[in-house]
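Visitor:
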Amino acid sequence: MLQDVRIVTTSIAVPWQVVYEFARQPSLLPQWASGLAAGIVEEDGRWFGDSPMGRVQIEMAPDNPYGVLDHDVTLPDGTVFSNPMRAVANGDGCELSFTVFRADGVDSAQFEKDCAHVAGDLQALKRLMESRAHR
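Using the numbering used here, read the sequence shown as starting at 302 and increasing by one per residue.
1) Would you be able to state if there are at least three C-beta pairs under 8 Å between the segment 370-377 and the segment 342-361?
2) Do you know how far the Cα of Met-386 is from the Cα of Cys-395?
3) Can you grab the Cα-Cα spacing for the pair Glu-431 / Pro-316, in whole Å?
4) Looking only at its own chain, which residues have a Cβ that is under 7 Å from the Cβ of Gln-318, when we skip the five neighbours before and after it?
5) At a cut of 8 Å, does the segment 327-347 reach the segment 410-426 through at least three beta carbon pairs?
6) Can you tell me the Cα-Cα spacing of Val-306 and Arg-403, whole angstroms?
7) Helix, strand or coil for Gly-394, going by three-state DSSP, please let me know.
8) Quick check: what's the CA-CA separation for Met-302 versus Gly-406?
9) Measuring alpha carbon to alpha carbon, tell me which of Gly-379, Leu-426, Gln-411 ends up nearest Phe-399.
10) Between Tyr-321, Ser-312, Ala-314, which lies nearest to Tyr-367 when the distance is taken from Cα to Cα?
11) Beta-carbon separation of Thr-311 and Leu-397 under 7 Å?
12) Grab the span of the beta strand (DSSP E) containing Asp-351 for me, first residue to last.
In structure tokens form, the structure reads like this:
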């Protein structure tokens with residue numbers, strides 16, 4: 302059965318390669334990803350962070366020339382959430398997109414809240430990237 306899905310996007314007035322290089326670094330997630338705002342550490346080549354769900358493992362897509370920022374988040378109970386994310390060129394800037402899947406058992410209100418949370422994180426990344434570009 303297919304899940305409900307929403308693609309959340311934002312335009313960023315910074316080249317996609319710059320956004321990609323910043324966003325792909327787990328150590329920088331606390332600067333823009335509020336769900337992973339603390340406790341990001343690398344242990345034996347793996348990344349972990351503190352989240353509202355407890356300590357999670359974060360695995361980013363391998364470095365690539367396509368702007369693919371997919372990442373898996375593994376919860377303490379072993380549940381894995383795969384998060385497709387892309388940075389693509391849009392003129393001199395980029396479009397950043399994050400695909401939000403509605404997990405089993407999540408009601409409409411929570412799904413809307415999840416999408417709003419992602420939108421807020423993307424806006425935080427936009428503000429950060431654009432402010433750094435204009436220094």
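Backbone N, C-alpha and C define an ideal beta-carbon position, used for all residues, glycine too.
Guide: On the basis of the coordinates in this document:
1) yes
2) 13 Å
3) 10 Å
4) none
5) yes
6) 6 Å
7) strand
8) 13 Å
9) Leu-426
10) Tyr-321
11) yes
12) 347-352
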